[in-house]
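What follows is a single structure, written as structure tokens, with notes after it.
Numbering (my numbering), first residue to last: 5 to 370.
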């Protein structure tokens with residue numbers, strides 16, 4: 005039985021190192037052959053570092069040995085690269101989100117179905133030890149009836165947009181770039197979303213580069229993407245909750261992610277990571293008793309930066325012929341529709357109903 009999938013990686017930016025490190029050294033069902041990038045010298049640098057070949061995207065898509073493309077390009081390039089790869093008969097796993105547009109992402113999902121190909125999308129952080137610890141707790145009924153949730157996260161665009169110009173590109177605002185982690189985590193735990201409404205702001209359309217030593221230090225640049233989003237969500241189960249994303253605050257992120265239930269509260273960790281300790285605060289009747297948080301055991305061994313785990317699982321599904329895998333296009337498409345629903349609600353002032361759903365990903369704590 006075939007044991008590996010031959011992989012080509014498109015994109016040699018900042019996120020590529022952890023993917024290449026893991027896919028060449030940690031996930032043995034992935035055999036990475038080559039790296040392609042818009043600037044060939046960057047592809048050559050990564051290829052030399054990880055013992056791979058460097059080539060153009062055209063050469064990679066024409067290579068009959070390469071069966072699966074891992075698309076690590078900026079989100080604005082996802083549609084073109086993924087479409088061309090699918091048309092060339094390659095399976096595709098892409099960094100988050102599938103594309104920067106629900107309509108184009110839906111078209112790619114339909115193309116993958118017509119071609120009989122696998123299409124998957126990050127984030128895969130919900131497969132890590134922390135969120136799977138939470139999933140196991142929910143499956144065991146630790147919260148009783150789930151009655152709500154809240155998520156609040158801060159970032160600092162003064163620093164982030166100075167360091168990472170990619171965040172200034174269309175589709176790279178805080179909603180799609182960072183809210184995707186929280187939405188994916190919520191859907192993996194509570195199921196799909198029925199509707200959403202949000203307030204959206206972009207109060208600082210220009211920023212000044214404040215990082216000494218960077219090429220643009222001291223220069224002003226445009227940053228038109230949204231940086232503040234406050235949304236309410238109603239899940240198809242009836243559970244409601246809120247998400248607040250703020251890119252105009254503290255440099256060090258202080259995520260506050262909580263599920264509420266009739267038997268207590270579950271304090272989750274940052275869904276941008278794989279590890280961390282989930283804490284349970286039981287509902288007790290003694291008002292004088294101190295809060296007694298219980299640290300829950302890890303859900304599985306995946307507690308480091310395990311990016312590429314989703315690609316490895318998709319490869320396993322390809323090898324076995326299993327149509328179901330957790331980082332599926334159905335999950336990615338639904339999450340993208342919710343995120344864009346938030347942005348549309350911010351423009352229109354109306355609730356946005358979802359047209360898609362998705363299966364709740366199977367637990368990964370066994």
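From the three backbone atoms N, C-alpha and C, an ideal C-beta is built for every residue, glycine too.
Reducing DSSP to helix, strand and coil, say where residue 297 ends up.
In the structure shown, residue 297 sits in coil (DSSP, three-state: anything other than H, G, I, E or B).
Do residue 232 and residue 206 have their CB atoms nearer than 9 Å?
In this structure, residue 206 lies closer than 9 Å to residue 232 by Cβ.
Flag this pair as touching only if the region 203-221 and the region 118-134 have three or more C-beta atom pairs under 8 Å; answer yes or no.
No, because fewer than three Cβ pairs between the region 203-221 and the region 118-134 fall closer than 8 Å, the two stretches do not touch.
Would you report the Cα separation of residue 284 and residue 328, rounded to the nearest angstrom?
Going from the Cα of residue 284 to the Cα of residue 328 covers about 31 Å.
Take residue 3 and list the residues in its own chain whose beta-carbon comes closer than 8 Å to its own, dropping the five residues that flank it on each side.
Outside the modelled stretch of the chain, which goes from 5 to 370, sits residue 3, for which no answer is possible.
Tell me whether the beta-carbon of residue 162 lies closer than 9 Å to the beta-carbon of residue 171.
Taking 9 Å as the Cβ cut-off, residue 162 and residue 171 do not qualify as a contacting pair.
Can you tell me whether residue 352 is buried or exposed, with buried defined as 16 or more other CB within 10 angstroms of its CB?
With fewer than 16 Cβ atoms within 10 Å of its Cβ, residue 352 is classed as exposed.
Report yes if the CB atom of residue 122 is closer than 9 Å to the CB atom of residue 82, and no otherwise.
Cβ distance not < 9 Å, so residue 122 and residue 82 don't count as in contact.
Could you say if the region 142-162 and the region 231-245 meet the contact criterion of at least three C-beta pairs nearer than 8 Å?
Touching, yes, given that three or more Cβ pairs across the two stretches are closer than 8 Å.
Assign residue 221 to one of three DSSP states: helix, strand, or coil.
Looking at residue 221 - three-state DSSP - the assignment turns out to be coil, as it is neither helix nor strand.
Would you kindly check if the distance between the Cβ of residue 346 and the Cβ of residue 235 is under 9 Å?
It is a contact, given that the beta carbons lie within the stated cut-off.
Which full runs of the alpha helix (DSSP H) of 4+ residues lie inside the region 307-337, going along the chain?
Correct list: 313-324.
Among residues of its own chain, excluding the 5 on either side of residue 365, which ones have a beta-carbon nearer than 6 Å to its beta-carbon?
Taken in chain order, the residues that qualify are 192 and 330.
If the criterion is Cβ atoms closer than 9 Å, does the pair residue 189 and residue 340 meet it?
No, the Cβ-Cβ distance between residue 189 and residue 340 is not below 9 Å.
Curious, which full-length alpha helix (DSSP H) runs of at least 4 residues does the region 226-286 contain?
Listed in chain order, nothing qualifies, since the region 226-286 has no complete alpha helix (DSSP H) run of 4 or more residues.
How big is the Cα-Cα spacing for residue 33 and residue 6?
Rounded to whole angstroms, residue 33 to residue 6 spans 9 Å at the Cα level.
Based on Cα-Cα distance, which residue from 106, 186, 79 and 56 lies nearest to residue 21?
Ranking the options by Cα distance to residue 21, first place goes to 56.
Give every residue of the same chain whose Cβ lies closer than 6 Å to the Cβ of residue 116, excluding the five residues on either side of it in the sequence, and list them in chain order.
Cβ neighbours of residue 116 beyond the five flanking positions: 90 and 123.
For the region 146-153 and the region 304-320, state whether three or more C-beta atom pairs, one from each stretch, are separated by less than 8 Å.
Result no; under three Cβ-Cβ pairs closer than 8 Å.
Please classify residue 72: does DSSP put it in a helix, a strand, or coil?
It is a strand residue.
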